[in-house]
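The opening position of the sequence shown corresponds to residue 17 in the working numbering, with each subsequent residue numbered one higher.
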Amino acid sequence: MKKKQSAFLYFLSKCRNKYVITFLCFVVWIAFFDKNDFITTSSYRKRLKELQAEKKYYEEQIILNKIYLNQLKNNPDNLEKFAREKYFMKREKEEIFIIRVKNNS
17 MKKKQSAFLY FLSKCRNKYV ITFLCFVVWI AFFDKNDFIT TSSYRKRLKE LQAEKKYYEE
77 QIILNKIYLN QLKNNPDNLE KFAREKYFMK REKEEIFIIR VKNNS
């Protein structure tokens, strides 16, 4: 018990030094009151990770869409299939029936 008290008293005696007090005030100011405090910095880091993941997703989507576009440009059958499925295009003297299923959820 005496060791704990003597260590605490030693710490208090060192804290009375004006340089230590100034340093502690500076650390508290930077940690909690500055515009770049710990909370703001951690939220920025979290947002940065989210944006990097989103960027990676969109880069992958760009690659997939370029491949798909290349297939559409080079194969007329794929182009016709795409036009029929996406835009409901049809040939002359042809009818298209669109059947929509209602979800009972």
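Built from N, CA and C at the ideal position, the CB exists for glycine as well.
Given a cut-off of 8 Å on the beta-carbon distance, is the pair LYS106 and ILE112 in contact? Yes.
Can you give the Cα-Cα distance for GLN87 and GLU75, rounded to whole angstroms? Spanning the two alpha carbons is a distance of roughly 19 Å.
Which whole-angstrom value describes the C-beta separation of ILE114 and PHE104, a residue pair presumed to lie in contact below a C-beta threshold of 8 Å? Contact flag correct, Cβ pair sits at about 7 Å.
Could you check the C-alpha separation between ASN33 and ASP50 for me, to the nearest Å? Straight through space, the alpha carbons of ASP50 and ASN33 are spaced by roughly 24 Å.
Do PHE54 and ALA47 have their C-beta atoms within less than 8 Å of each other? Yes, these two residues count as a Cβ contact at 8 Å.
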